[in-house]
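Trainee: So the sequence shown is residues 1 to 485, counted in full-length UniProt numbering.
Even for Gly, the Cβ is constructed at its ideal location relative to N, Cα and C.
Here you go, one structure.
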Amino acid sequence: MLPSLGARTPSKPLTKPVQISYAPSKSGSGGGSLTFNLPPHLITALKQQAPPSTKSAKSKAASASAAAKAARAAREDTSLDDTIANDDVVLPRRQPAAANRKHVSEVFAWATAYQYDFNALIRSGRLPPGWKWVERDEVIYVPSWPHHQQPDSSSAPQTAQPSASTSSAPTGEVFIFRSGSYITWNLSLSQSQRFLRQVIQGRDLQHVVELGRYTEMGDETMECLVDPSETTRIRDGLIVLGKSPVEADQDAQSSVSDAEPSSSSSSSSSPSSTAPPPTTSIDEEWTPLRAKLAFSQGLATSARLSVQEQTLSHFLASVSAIPHQLETTGRVPLTRAQVIRQMGTLLRLRQKANLDRDNFYDEPELYWDNAPMEDHFRGICAELDISSRFETFNDKLDHCENLLGVVRALLTESTTHRMEVIIIALIAFEAGIALLSHGWIPEWVVDAWRGVEELLGWSDADAAAAAMAIEQRGNEEKVNLAAAS
């Protein structure tokens, strides 16, 4: 069977394009078409030699070509529709993630007193409803503040939509620590300070909550991001609240196991490997609330440390002029009582920082048996440089103690020198009395004394009276010595 011929008839052409199509082989491959430019007389000869079945072959080829073009166009339309559909599906899933990342709240920590009296705080009735104890009655957790009261059903009609003031007002969480600090989550700066005035301090003087109120409050601030796709941790100075660390590790292990070759998948299909891993006690002990508690504990520690740093800075300013005064005057500018008071201040600062119950050296006991919370606490402490700040704090205390030690040594040395002079004067006076009483004064001393009398204008009567007094004193000493012997 000859190939199909097809050509267009232009006006007086020299050559005409001819497309020759050939069928594929029996194996189903190798089909195609060729195009030749042939002279008109050759095309006429080929048409005359073609069998009658050429027309049917040409129609079949044309129909197959049309079907192929239609299928290709359908595939292009389908792929375009799928792309548009996929874009319509993906975009709504990405928008919430972007919105979550843009919404960053602030966390404020305040240290206002040496300690809070929780009993007085509870009796005052200033705590909002819904508060509860956390971790061995050491922390009070307020899940929602400010508390917006709903209108009474008897005085106002109920509506399906909440009021604008109630729905738009933001609420946050508050952790109150017995160590004299509190932390607010998702509250503005003004709201965080208002919590101190309304709840902790209040206007009721009968219930004093702050024991040992600081003259200058300590503060610390960080930003918080809630992202369920991330692992709960500290990242680039940001608190990220998301999945449990154990859950994140399990997801990582599952992704690694999915990436393994199929040869290992057959071995993992055994009953021992297909069983889900048991839930550990650590995973049970991790909750978002406890994660916030661990981060709050670190922020509270930093705020309390800032109070001690401020106190030490004021102390350093008060004693910074001592070296210059010693250099210029050569005298100690402080009295012994002042030095003792300064030493007492240093000992108090060191005791609060190193030996108190809520010191900066030991980790809280509630994190000893909870590895995730301990990791969160250590992570935020590392982010806030608490270890290095505490080390610098102790170094400054050592420097102040050395300075006051030098001042105290100088005071002791000056006192010792003064005592030595007094003792020498007393010994000299006693020796003179002994010489006068025994008459062991040389003649040249007597002559010198008379010259002094004449120079000073002393009369003989005064000299005689002085001599008689000395002689009388000598006689009394002789009587005393005789009585003693």
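1. Which of the three DSSP states, helix, strand or coil, is assigned to P271?
2. Just how far apart, CA to CA, sit R357 and V174?
3. Given this structure, state the Cα-to-Cα distance separating N475 from G330, to the nearest angstrom.
4. What's the call for T415, buried or exposed, on a 16-neighbour Cβ count within 10 Å?
5. DSSP three-state label for W369, please.
6. Hey, P228 and G242: beta-carbon distance below 8 Å or not?
7. Which first and last residues belong to the alpha helix (DSSP H) in which V307 is found?
8. Please list, in chain order, all residues of the same chain as N394 whose beta carbon is under 8 Å from its beta carbon, the five residues on each side excluded.
9. Let's test the definition: count the other Cβ atoms within 10 Å of the Cβ of E220 and tell me whether it reaches 16, buried, or not, exposed.
10. Below 6 Å CB to CB, which residues in the same chain sit around E216 once its five sequence neighbours on both sides are set aside?
11. Provide the residue(s) that pair with D227 in DSSP beta bridges, ordered along the chain.
12. State the DSSP-derived secondary structure class of G379, mapped to helix, strand or coil.
13. Would you tell me roughly how many angstroms separate the C-alpha atoms of H417 and A409, rounded to the nearest one?
14. Considering only DSSP beta bridges, list what Q115 is partnered with.
15. Put E363 into one of helix, strand or coil per three-state DSSP.
16. Give me the Cα-Cα distance between K478 and R450, rounded to the nearest whole angstrom.
17. Which residues in the same chain have their Cβ closer than 6 Å to the Cβ of I200, if we skip the five residues on either side of it in sequence?
18. Going by DSSP in three states, I340 sits in which element: helix, strand or coil?
19. Excluding sequence positions up to five away, which residues of its chain have a Cβ less than 7 Å from the Cβ of A483?
20. Can you tell which of S296, A465 and Q338 has the C-alpha that lies nearest to the C-alpha of F377?
21. Return the Cβ separation of F390 and F429 in integer angstroms, given the expectation that the two are a contact with Cβ distance under 8 Å.
22. Take Q191 as the anchor and find which of E106, V307, I322 and P333 has the nearest alpha-carbon.
23. Check T171 in the structure and name its three-state DSSP category.
24. So for S56, helix, strand or coil by DSSP?
25. Assuming contact is defined by CB atoms lying nearer than 8 Å, are E135 and L366 in contact in what I supplied?
26. Quick check: what's the CA-CA separation for L404 versus T392?
27. How should D81 be labelled, buried or exposed, when 16 other C-beta atoms within 10 angstroms of its C-beta is the threshold for buried?
28. Ends of the alpha helix (DSSP H) at L455?
29. Starting from L241, follow its DSSP beta bridges and name the residues at the other end.
Mentor: The short version:
1. Per-residue confidence for P271 stands at a pLDDT of 40, beneath the threshold of 50, marking its modelled position as unreliable; the derived number appears in the next sentence. Here P271 sits in helix by DSSP.
2. 23 Å
3. 48 Å
4. exposed
5. The residue you asked about is not Trp; residue 369 is Asp in the sequence shown. In this structure, D369 counts as coil in the three-state DSSP scheme.
6. yes
7. P288 to V319
8. R350, A353 and N354
9. buried
10. Q310
11. BP columns for D227 are empty, so no partner.
12. helix
13. 12 Å
14. L211
15. coil
16. 26 Å
17. V209
18. helix
19. none
20. S296
21. That pair is no contact at about 58 Å.
22. E106
23. coil
24. In this predicted model, S56 has a pLDDT of only 45, less than 50, meaning its place in the structure is not dependable; the value taken from the coordinates is given anyway. Note: S56 maps to helix in three-state DSSP.
25. yes
26. 18 Å
27. Note on D81: pLDDT 44, under 50, position unreliable in the model; no value is reported.
28. E443 to L456
29. V226
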